[in-house]
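Worksheet: the structure to be examined is printed underneath.
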Ligand code: FA5
Ligand code: MG
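Written as structure tokens, this is what we have:
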């Protein structure tokens, strides 16, 4: 039996009371058994599972999703789109099927929302790769590639660029090896189209490419020419997406009369590691003085293709996973990721299908800061209270009324050997003014839950 626990969540000022923890958890109309050890998903997260921002035609995330799908299919119409997968997946699909080692940090309860020990809210769209590959294997799908866009869930910190839900687009492409090497022909033809499309883009990308295989080995079953063509096809496809998106952004900056327009876009490919691709890379874009990581990718491990049903050595494939939200924030000039989730018309009225416009802030409501400082229970270490768990408590109490939470101080009292932490919480709404008493109320509830959950002593 789980301890019944009351959690408050606020939405537009009204405070709702939830009995979060019960024996079952209902998500997208289905009931799942909860369990004592693993369940950590909360009602405020469950409430977000039905929003599907990526399907809204006039929402920045939806506009971006559609633009990328269109561009990728302009090469040879190779991708089937899957945009309606529900967020509940098995631990097997999210981690095991992709070869995540048992001790991978992504599996931990402090990073992932578990429904029970077998089921979780997907942490990435790669969770659906095996299923979609198997559709191609069974010839239920005739297109040789697919795109999966969906909401993904991660327990994380709270600030302007982090939200427990964000959106990814997965892209995969498969070539069946032919007896006469027909797949090499197909790869070369498709690559030639990609290259000419890139050459025609108005926005030129200047690329630094780390393609050394040191520490990033190819798989033994593939020939050098296959690795080379498949990697190039992958990289040029991702570059096409990026140059297209930034081209749209530059058009909008021209319309808005921005004076200093960059004449080219600097990108770099860097080596990466993902358990289910080899070799693997990430791409970063230089934008307003910073490298921005947009996407992870690589050549799909044969084990994944075999799990999807393909005969050994029969198939080669690439995959990428692109984050939509941070890219949308940058393109649409959205200062706070919470804005994506607002229901305020003043936000939604600003965007139209197919167009990348800069967001015009309608108002900036003041924030209100509160500190909470506490002693850890005797014998406990700083590691025993994960920052993500503190964040989760604040998120549950204050929902979108919290802008930022920071651990601002921690020390050990030399004589008493007691350990102290101080968190600073900034309460701020995107849509309205918060009253002082409302903020006090929220803070009181946060303190109460910190005591209940961690047995801390408030200083
Ligand atoms: C992945 O999630 C892999 N599934 C990507 C992949 C797919 C690799 C297929 C290989 C083959 P990563 O955790 O780096 O990787 O996330 C991918 C992208 O999602 C990042 O580049 C970033 O753009 C975005 N992203 C990651 N974490 C966040 C976050 N907390 N908030 C917003 N965007 C994020
Ligand atoms: Mg990454």
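Residue numbers (the working numbering): 226 to 684. By construction, the Cβ of each residue, glycine as well, lies at the ideal position given by its N, Cα and C atoms.
- Residue 624 holds the alpha-carbon nearest to the alpha-carbon of residue 271 among 624, 567, 611 and 481.
- Just measuring C-alpha positions, the residue of 608, 497 and 674 sitting nearest residue 439 is 497.
- Residue burial annotation: residue 499 is buried, with at least 16 other C-beta atoms found within 10 angstroms of its C-beta.
- For the ligand MG, no non-hydrogen atom lies closer than 7 Å to the CB of residue 509.
- When rounded, the separation of the alpha-carbon atoms in residue 412 and residue 455 is 7 Å.
- In this structure, DSSP gives residue 415 a helical state, which the three-state scheme calls helix.
- For residue 580, the closest C-alpha among the options 469, 501 and 668 is that of 469.
- Straight-line measurement puts the Cα of residue 542 at about 14 Å from the Cα of residue 534.
- Relative to the non-hydrogen atoms of the ligand MG, the Cβ of residue 472 never comes closer than 7 Å to any of them.
- The region 614-630 and the region 571-585 do not touch, with fewer than three beta-carbon pairs separated by less than 8 Å.
- Short note on residue 395: C-beta closer than 7 Å to some heavy atom of the ligand FA5.
- Excluding sequence positions up to five before and after residue 253, its CB lies within less than 8 Å of the CB of 274, 275, 311, 312 and 313, all in the same chain and listed in chain order.
- Under the 8 Å Cβ criterion, the region 343-355 does not count as touching the region 589-599, having fewer than three qualifying pairs.
- Between residue 324 and residue 506, the C-beta spacing is not below 8 Å.
- Relative to the non-hydrogen atoms of the ligand MG, the Cβ of residue 518 comes within a distance shorter than 7 Å of at least one.
- A straight-line Cα-Cα distance of about 5 Å links residue 433 and residue 493.
- Not one heavy atom of the ligand FA5 falls within 7 Å of the beta-carbon of residue 532.
- Ranked by Cα distance from residue 514, the options 523, 532, 487 and 605 are led by 487.
- DSSP lists 387 as the bridge partner or partners of residue 384.
- According to DSSP, residue 506 shares a beta bridge with 496 and 522.
- Residue 523 has its Cβ no nearer than 7 Å to any heavy atom of the ligand MG.
- Around the CB of residue 287, 16 or more other CB atoms lie within 10 Å, so the residue is classed as buried.
- Assigned with DSSP and collapsed to three states, residue 310 falls in coil, not helix or strand.
- By the C-beta density criterion, residue 322 is buried, having at least 16 other C-beta atoms within 10 angstroms.
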